[in-house]
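All residue numbers for the sequence shown refer to our numbering, where the first residue is 466 and numbers rise by one. Ideal placement from N, C-alpha and C gives every residue a C-beta, glycine not left out.
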Amino acid sequence: MNIEFPERFNMAEYFLYHNVEEGRGGQTCLYFRDETYTYGEAVRMSNRAGNALRELNVEAEDRVLIALADCPEFVWTWFGVSRVGAVVTMVNPLLPAVDYSYYLEYTRARVAVIDESLLDTFTEAARGAKHLHGVLVVGRESGDFTSFARTVSAMPDELTPADTHRDDPAIWLFTSGSTGHPKGAVHLHHDLPFNTEVYAKRTLGINEHDLTVSVPKLFFGYATGTNLLFPFAVGGATALFAERSTPEKIFEVIERYKPTVLTSVPTMINGMLNAESTAAKDLSSLRMCLSAGEALPIELYTRWKELFGVEIYDGIGSAEMFHIYITNRPGDVQPGSLGRVVEGYEAEVVDAAGRKVAIGEMGTLRINGDSAALCYWQAHENSKETFAGDWCTTGDQFHVDREGYYWYHGRTDDMLKVSGVYVAPIEIENCLLQHDAVIECAVVGHDAGDGLVKPKAFVVLREGHTANQEMAQSIKDFVKSKIALYKYPRWVEFVSSLPKNDRGKVDRKQLKAVTCDK
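Listed below in structure tokens is the structure:
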């Protein structure tokens, strides 16, 4: 699929500013608490934010660090950065000072825009930040930093946009950091619009009547797309909330705003299904639920659809490709799979030598599409390994069936070799979730001291079930009866909760460390 963007091109124009030009200036685009904002107001506030950044000497290709909870100021900053030709870098607003110190040094951010809750943390983090020229704070005043509201309110409503090229750097999306410090995948101005065209518009059918709500927060590229860029690209609207995402909060937000599209992750889908009075919740406004971040078990898909009558479109994307490139979609869902390739992308499953494997055979997924990042910042060798020619190697294990559906087997570095055979933890986890007592689980490899790795399961039990030896044996026997004998977990450890990273995924690295310690 050939999608062309003009040579002189800016993604802020594509996502936001076109709405005013097309007559939607008075239309509501953003809901936040009791506030509503129109596209006209969004343009004015983004212009003011861009002017404020220029006052702080932000120039083309300078990085601006955004560490904000989901709020209107996040949106104004995002588009203001883009329109002046600077580069958006978004990070979790709940990190310790040492992490912000890393990001400031790594990105060489010229300006940071932070939440008031980070004043003390950022004061510590900013010490010695050689490239930082200013910090804008959303919320209460600070003697050390500048008030976002006061600064922006003094700026003019008009902003002369930077003359950017479609291939200029526009945004960094950070990898999850599962193998060390997060790396910045450098994306260009045309990357995000390309995915919006082929995935949001043509595959999902996101349109001007949609109102979106998201479980993940805007700093995560998955939510940046589905809960900001996609609705804005088509003249729709989004509802934001700054509070932590919990099942109760998501039900409350759905009841209040009546969204048509919910962006979620399997962990929250599971949590909502097992929340109090779930059966009484009204999700009838939703026309679709999106899931990504980790594989969605068939059990959760089935229960969700039966209870709420809403289809879940599970898919996979990455920071390297910006967003989803394989997905289930309206009228084409294969539960348990991640769906088919989004038109506009190509996918291959290859062996260690880079040769395509046979249908049904497991291998490493690689993707070709015009939203691929230019490189990882300051990681030349990693960039060469991941971005080879037209292809991006994902590090995800898949097989593809004869109908073109892609089936996920886990990360390459999560695979276990048991009795000489590779085992995907996700297969064991999907089986465990079918046990009546299991509400959540994760499987990692464990070496009991004999040099042989076997599966170990960390299990969260449903309320009313007792964690004891009999329950552990019941779980082991259940798995033995369902899948190949050598795959059953030799150890079952009961826990009250599973550790999660800032994307909401189970933190296997932490579980592996716990297992090694024991």
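Check the DSSP bridge columns for residue i and list the partner residues they point to.
i	result
M753	V726
V651	W637, C840
D866	Paired residues: none, contrary to the question.
A470	Checking the sequence shown, residue 470 turns out to be Phe, not Ala. F470 is not bridged to any residue.
V580	The sequence as given places Asp at residue 580; Val does not occur at that position. Bridge partners of D580: V603.
Y778	L755
K919	H911
G804	None, per the DSSP bridge assignment.
C857	I832, F852
W957	Per the sequence shown, the amino acid found at residue 957 is Val instead of Trp. In DSSP, V957 forms a bridge with A922.
Y951	None; Y951 has no bridge partner.
K965	V971
H630	R473
F773	In DSSP, F773 forms no bridge with anything.
F497	E500, L705
I789	G782
L881	V888
T611	L601
A812	I832
R575	Paired residue(s): none; R575 is not in a bridge.
K821	V815
Am I right that residue i and residue j are in contact with their C-beta atoms under 8 Å? What's the rounded C-beta distance?
i	j	result
A650	E785	5 Å
Y997	M880	The structure shown does not extend to residue 997, since the chain spans only 466 to 983, so no value can be given for it.
A534	A707	4 Å
V529	V553	7 Å
A608	D580	Looking at the sequence itself, residue 608 is Gly, so the reference to Ala does not match. So it is not a contact: roughly 17 Å between Cβ atoms.
V822	V814	5 Å
P920	V903	That pair is no contact at about 15 Å.
H864	G825	6 Å
L897	V944	6 Å
Y567	F587	Actually they do not touch by this definition, with Cβ atoms about 13 Å apart.
I893	A922	7 Å
G686	L638	4 Å
N475	Y504	Their Cβ separation, rounded to whole angstroms, is 17 Å, which puts N475 and Y504 out of contact at 8 Å.
G834	Y790	6 Å
L738	R768	5 Å
E526	A562	About 27 Å; that fails the 8 Å criterion.
G969	V730	5 Å
Let me confirm a value: residue i is counted as buried when at least 16 other C-beta atoms fall within 10 Å, else exposed. Which label applies?
i	result
Y951	exposed
T640	buried
M466	exposed
T987	Residue 987 lies beyond the range of the chain shown here (466 to 983); nothing can be said about it.
R548	buried
P861	Checking the sequence, you will find Asp at residue 861 rather than Pro. That one is buried.
A532	buried
P795	exposed
N933	exposed
E538	buried
H598	exposed
H674	exposed
L917	exposed
D633	buried
N1004	The structure shown has nothing for residue 1004, since the chain only spans 466 to 983.
R631	buried
H596	exposed
K648	buried
T625	exposed
R820	exposed
K682	buried
G515	buried
Taking 7 Å as the line, does the beta carbon of residue i fall inside it for any heavy atom of the ligand NAP?
i	result
R721	As for the ligand NAP, it is missing from this structure, which has no ligand bound.
Taking only beta-carbon positions, decide if residue i is within less than 8 Å of chain B.
i	result
A823	No chain B is present in this structure, which holds just one protein chain.
Do the stretch 685-692 and the stretch 831-845 make contact, defined as three or more Cβ pairs closer than 8 Å?
Contact fails: fewer than three Cβ-Cβ distances are below 8 Å.
4-residue-minimum alpha helix (DSSP H) runs that sit fully inside the stretch 523-570, ordered along the chain:
Counting whole runs of 4 or more residues, the stretch 523-570 contains the alpha helix (DSSP H) stretches 537-548.
Given 8 Å, three or more beta-carbon pairs between the stretch 543-550 and the stretch 581-597
no
Determine, using beta-carbon pairs with one atom in the stretch 509-520 and one in the stretch 612-620, whether at least three such pairs fall under 8 Å.
yes
Taking contact to mean at least 3 C-beta pairs separated by less than 8 Å, is the stretch 706-722 in contact with the stretch 747-755?
yes
Which parts of the stretch 654-694 are runs of the alpha helix (DSSP H), unbroken and 4 residues or longer, counting only runs that do not cross its ends?
DSSP runs (the alpha helix (DSSP H)) wholly in the stretch 654-694: 656-660, 686-689.
Assess, as a yes-or-no matter, whether the stretch 491-508 is touched by the stretch 652-663 under the definition of 3 or more beta carbon pairs within less than 8 Å.
no
Any 3 or more C-beta pairs closer than 8 Å across the stretch 756-773 and the stretch 796-805
yes
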